[in-house]
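Written out below as structure tokens is the structure these notes cover.
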Amino acid sequence: MPRQTILLSILPPTWPHMPPLGLGYLQAFLGQRGINADLTDFNHLFYTLSDHQLQKQWLMSCNTFLEQNILFLIQQHHFKEFHDAIDKMLNYRIIGFSCFKSNLETTVRMAEILKSKKPTIKIVLGGPEITRQSFRSEGNFSHKLLEIADHLIVGEGELPLYQYLTDNNTHKKVAVFEQLDDLTDLPFPRYTGINLNAYPRKNTIPIQFSRGCIRRCNFCSERRLYKNFRTRSVCSLIDEIHYHKTNNKTQHFVFYDSLINANLKKLELLCDHIIEHFGSIPWQAQIAIRNNMANKLFKKMKQSGC
Ligand code: B12
Ligand code: SF4
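Here the sequence shown is numbered in numbering that gives the first Met the number 0, starting from 0 and rising by one per residue.
See the structure below:
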């Protein structure tokens, strides 16, 4: 595989305050296997270029008007940067876009622009919106998506993206929940090429202990993101915290797990290790209400910096 053949990116509008964790993982996973993936956060780039009024709009959830018009607004107000971004993307053979509901429209339009300028470019789409679209249509994607994407990845991205890049085009058009058996050896994101200090939330990074959920609550869509529940190793998490504290002066860690207390024993182990290695570091996470959580664990969480 020639170097730097893939660009991983995310387009506006999505949450711009911290680096894109999903793409960070994909970059790290490919890097571990000798594939050099560049990472560019166009969502954050165009957010920082925007004026205060537009930035306010950006942070509003489910802002349909913005979702439909952001590309036009960027083109209008930042003509040069918009075309520079397109030129940059056209340098690559393959582009992988991270899709959320909020940026699907922009992503499809950008893919159309890129293909019109360079018909040989390959577009790979992944992310939670591709998973949602797959459930929504019971596996049959819309014509538009099938037409514009060379490969669609439902669920976890590491394994299927690697397979797509290495199997000499013998893959199917859609990969569905081809996930890792366990996350023990999953390399953590280092965000190579990204200036972490440029993000609005200073000295803070997203981090992930587990993927999936142990429950299957009917009203919740988290249960559909992964086939089952898995955790990373506590040692790897400690290495990650240490790495970012040392190299990026990171002070705050925000867990992007569906819930941090799915496995109580492992959560306790994590707290113990944080206390042992760092004393206390500020961290936050989503948590489920459980009636079997001991006071002792809550105290350890607090002591470790929760
Ligand atoms: C942390 C979080 C937030 C944070 C930060 C959001 C952010 N965008 O960074 C906050 C609290 C701000 C937030 C807000 C909202 N969120 Co939120 N959030 C999450 C959460 C818990 C973690 C996201 C994450 O980084 N996960 C970890 C990474 C590793 O996973 P990932 O990004 O999905 O990437 C993996 C795969 O998807 C895939 N992949 C991703 N990109 C690509 C690209 C390619 C090319 C490939 C091949 C694969 C691939 O591979 C990756 C690694 O395996 C998820 C649920 C979850 N458990 O993931 C919901 C989730 C992303 N949020 C969701 C929603 C709906 C919202 C809100 C709209 C809620 C609301 N009504 O206000 C807002 C929108 C805010 C905004 N403007 O973007 C939905 C998105 C659904 C969708 N179809 O887009 C999710 C999936 C929850 C759900 N159960 O449906 N959220
Ligand atoms: S994330 Fe919470 S609400 Fe959703 S399935 Fe898991 S336990 Fe239920």
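Backbone N, C-alpha and C define an ideal beta-carbon position, used for all residues, glycine too.
Fair warning: this is a prediction, and the values are worked out from it, not measured in the lab.
Status (buried if at least 16 other CB within 10 Å, exposed otherwise) for residue i
i: Met-59; result: exposed
i: Leu-145; result: exposed
i: Asn-42; result: buried
i: Arg-40; result: The sequence shown places Asp at residue 40, not Arg. The residue in question, Asp-40, is buried, as its Cβ has 16 or more Cβ neighbours within 10 Å.
i: Asn-260; result: buried
i: Arg-2; result: Residue placement at Arg-2 is poorly supported in this model, since its pLDDT is 46, which falls under 50; the coordinates are not used for a value here.
i: Ala-284; result: buried
i: Met-0; result: In this predicted model, Met-0 has a pLDDT of only 42, less than 50, meaning its place in the structure is not dependable; the value taken from the coordinates is given anyway. Result: exposed.
i: Arg-231; result: buried
i: Ile-69; result: buried
i: Arg-229; result: buried
i: Pro-11; result: buried
i: Phe-218; result: exposed
i: Pro-118; result: exposed
i: Ala-148; result: buried
i: Leu-113; result: buried
i: Cys-270; result: buried
i: His-82; result: exposed
Bridge partners - residue i, DSSP secondary structure assignment
i: His-150; result: Val-123
i: Ile-5; result: Ala-36 and Ile-93
i: Arg-229; result: Arg-210
i: Thr-203; result: His-251
Whole-Å CB distance - residue i paired with residue j, under 8 Å assumed
i: Gly-95; j: Thr-130; result: The pair is not a contact, with the Cβ atoms about 15 Å apart (cut-off 8 Å).
i: Pro-281; j: His-251; result: 5 Å
i: Ile-93; j: Thr-4; result: 6 Å
i: Glu-128; j: Leu-103; result: 5 Å
i: Lys-301; j: Glu-267; result: No, Lys-301 and Glu-267 are not in contact; Cβ-Cβ is about 13 Å, not under 8 Å.
i: Leu-98; j: Gly-126; result: The amino acid occupying residue 98 in the given sequence is Cys; Leu does not appear at that position. At roughly 4 Å, the Cβ-Cβ gap stays under 8 Å, so Cys-98 and Gly-126 are in contact.
i: Ile-237; j: His-276; result: 5 Å
i: Trp-57; j: Pro-15; result: 6 Å
i: Leu-22; j: Ile-9; result: 6 Å
Listed in chain order, which residues are found with a beta carbon closer than 5 Å to a heavy atom of the ligand B12? Thr-13, Trp-14, Leu-20, Gly-21, Tyr-24, Ser-60, Gly-95, Ser-97, Phe-99, Lys-100, Val-123, Gly-125, Gly-126, Pro-127, Glu-128, Arg-131, Ile-152, Glu-155, Gly-156, Leu-160, Ser-220, Glu-221, Tyr-255 and Ser-257
Counting pairs of Cβ atoms below 8 Å between the stretch 63-71 and the stretch 190-208, do you hit three or more? no
Check whether the stretch 160-171 touches the stretch 132-139, counting contact only when three or more Cβ pairs, one atom from each stretch, lie closer than 8 Å. no
Three CB pairs or more closer than 8 Å across the stretch 111-131 and the stretch 26-35: no
If we count Cβ pairs, one from each stretch, closer than 8 Å, do we get three or more for the stretch 44-52 versus the stretch 208-215? no
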